[in-house]
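Colleague: The numbering of the sequence shown is the UniProt record's numbering, which starts it at 1 and goes up by one.
We put the CB at the ideal spot given by N, CA and C, even for glycine.
Just dropping this structure here.
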Amino acid sequence: MSKVARFKFHRDHAMRAARVLKLLEKHYGRADPSILNLADTYARDVFGDVLYAPWLRVYAVFSGTFKEGWIPDNYYGGVVVPSMKGWYGKIFALKPLRRSIFDSDAFPDRAYFVNGLFLTAQNVVVSERAIEDIVFRQSEKIVFKLDGTGQGKGVFIFDRSTFSVDAIKALGNGVMQRFIRQHAWLDRFASKPVATLRFTTVVDDAGAISIRACFLRLGRAEDTHVHTASEICVPVDMSTGELSREGYLSNDVKFGEATQGPCFSDLKWERLKPA
């Protein structure tokens with residue numbers, strides 16, 4: 001990351017954190033200066049720069065105390081992600097590969113469109129004439145998700161009347177999945193966008209996978225599917241599975257750290273160095 005890009009990256013994070021902090025103080029009252037000082041000191045001593053203090057301040061004010069082990073959101077995005085993902089992270093943005101990588105039938109994949117070819121979920125090339133019957137064989141609606149997209153972007157819902165081979169070709173590479181019907185209990189929040197559970201997982205140096213945070217993502221009544229920009233996130237108690245009484249307009253690492261963290265304190269991510 002260039003000096004200019006790094007400056008803009010941390011400036012944008014600081015501005016977002018300041019807005020959140022202002023909202024928290026409006027709700028909870030003025031922040032305790034001693035907690036804010038602990039966040040600043042921890043940012044300098046552990047992460048090497050006060051640039052990482054803004055999100056630590058947010059976590060502390062939200063929690064009402066300071067907890068060692070928190071990972072600032074801009075440290076996660078600017079240091080951890082580039083260090084951990086690399087080319088393998090880029091490969092995983094190719095949605096047709098996920099079912100093969102996990103070797104699991106749990107994915108609701110029906111077919112793929114890759115570089116001009118249509119393939120079944122078993123990666124068998126099929127003709128354009130056959131693809132419609134394949135994807136709608138067990139579902140009245142399907143969801144098409146574009147490669148390299150996330151946060152509710154690049155998602156398109158089709159039924160037989162709106163589906164066409166030309167439409168898929170025009171959109172680009174991606175996966176066609178059967179449409180999942182949510183439990184009727186969840187319809188009380190929003191009936192059209194399907195609620196999802198988001199698990200934050202990590203892999204340690206021994207290859208063991210563990211869950212560090214979990215929350216329910218709810219869409220809005222006017223949405224066709226859950227969008228990061230408008231979703232409501234409800235923390236899930238990791239020990240009981242119970243939903244929190246409150247939901248929040250956030251869903252990323254800072255959300256998990258503030259509501260259920262520290263989530264990654266045993267992974268020693270603070271030892272990583274910026275690229």
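Taking the straight line between their C-alpha atoms, what separation do you get for residue 53 and residue 70?
Modeller: Going by the C-alpha atoms only, they are around 11 Å apart.
Colleague: Take residue 239 as the anchor and find which of 66, 212, 99 has the nearest alpha-carbon.
Modeller: It is 212 whose Cα lies nearest to the Cα of residue 239.
Colleague: With a CB to CB cut of under 7 Å and the five nearest residues on each side skipped, what residues in its chain are close to residue 264?
Modeller: Excluding positions up to five away in sequence, the list reads 71, 202, 212.
Colleague: Count the other CB atoms within 10 Å of the CB of residue 176; is the residue buried (16 or more) or exposed (fewer)?
Modeller: Classification of residue 176: buried, given that the 10 Å Cβ count is 16 or more.
Colleague: Determine the contact status of residue 152 and residue 93, defining contact as a CB-CB distance below 8 Å.
Modeller: For residue 152 and residue 93, no; Cβs fall outside 8 Å.
Colleague: Contact between the segment 150 to 164 and the segment 106 to 114 is defined here as three or more beta-carbon pairs at a separation below 8 Å; is this criterion met?
Modeller: At 8 Å Cβ cutoff, the stretches do not touch.
Colleague: Would you be able to state if there are at least three C-beta pairs under 8 Å between the segment 129 to 146 and the segment 175 to 194?
Modeller: They touch, by the three-pair rule.
Colleague: In the DSSP assignment, the alpha helix (DSSP H) including residue 1 goes from what residue to what residue?
Modeller: From DSSP, residue 1 is part of no alpha helix (DSSP H); its letter is neither H nor E.
Colleague: What span of residues does the beta strand (DSSP E) with residue 260 cover, start to end?
Modeller: Taken as a continuous stretch (DSSP letters only), residue 260 belongs to no beta strand (DSSP E), being part of the alpha helix (DSSP H) at 253 to 260.
Colleague: Whole angstroms is fine: what's the gap from residue 283's alpha carbon to residue 16's?
Modeller: Here the chain has residues from 1 to 275 only, and residue 283 is not among them.
Colleague: Return the residue from the list 78, 261, 220 that minimises the CA-CA distance to residue 249.
Modeller: Residue 249 has its Cα closest to that of 220, out of 78, 261, 220.
Colleague: In this structure, what does DSSP give as the bridge partners for residue 176?
Modeller: Partner(s): 111, 144.
Colleague: Return the bridge partner residues of residue 17 from the DSSP annotation.
Modeller: DSSP, once it has assigned bridges, lists no residue as partnering residue 17.
Colleague: Could you spell out where the beta strand (DSSP E) holding residue 129 opens and where it closes?
Modeller: From DSSP, residue 129 is part of no beta strand (DSSP E) but of the alpha helix (DSSP H) over 128 to 135.
Colleague: So which of 230, 75, 259, 46 has the shortest CA-CA distance to residue 11?
Modeller: Ranking 230, 75, 259, 46 by Cα distance to residue 11 puts 75 first.
Colleague: Pull up the distance between the alpha-carbon of residue 241 and that of residue 200, whole angstroms please.
Modeller: When rounded, the distance between both Cα atoms is 14 Å.
Colleague: Once the 5 residues before and after residue 227 are set aside, which same chain residues still bring their CB inside 6 Å of it?
Modeller: Same-chain partners within the cutoff: 152.
Colleague: At which residue ranges does the segment 80 to 124 contain complete beta strand (DSSP E) runs of 3 or more residues, listed in the order of the chain?
Modeller: Runs of the beta strand (DSSP E) inside the segment 80 to 124: 109 to 114, 117 to 120.
Colleague: Roughly how many angstroms lie between the CA atoms of residue 237 and residue 186, to the nearest whole one?
Modeller: About 18 Å.
Colleague: In terms of residue numbering, what span does the alpha helix (DSSP H) encompassing residue 165 cover?
Modeller: Where residue 165 is concerned, the enclosing alpha helix (DSSP H) stretches over 165 to 171.
Colleague: Determine the burial state of residue 193: buried for a count of at least 16 other Cβ atoms within 10 Å of its Cβ, exposed for fewer.
Modeller: It counts as buried.
Colleague: Got a sec, what are the start and stop residues for the beta strand (DSSP E) residue 149 sits in?
Modeller: That residue, residue 149, is in no beta strand (DSSP E); it is neither H nor E in DSSP.
Colleague: Return helix, strand or coil for residue 38, following the three-state DSSP convention.
Modeller: Helix, per DSSP.
Colleague: Roughly how many angstroms separate the alpha carbons of residue 97 and residue 35, rounded to a whole number?
Modeller: Distance between the alpha carbons of residue 97 and residue 35: 45 Å.
Colleague: Using alpha carbons as the reference points, say which of 129, 146, 85 lies closest to residue 165.
Modeller: Out of 129, 146, 85, 129 has the C-alpha closest to the C-alpha of residue 165.
Colleague: Apart from the five residues just before and just after residue 223, which ones in its own chain have a Cβ nearer than 6 Å to its Cβ?
Modeller: For residue 223, where only same-chain residues beyond five positions count, the Cβ hits under 6 Å are 193.
Colleague: Where does residue 169 land, buried or exposed, given buried means 16+ other C-beta within 10 angstroms?
Modeller: Looking at its Cβ environment, which holds fewer than 16 other Cβ atoms inside 10 Å, residue 169 is exposed.
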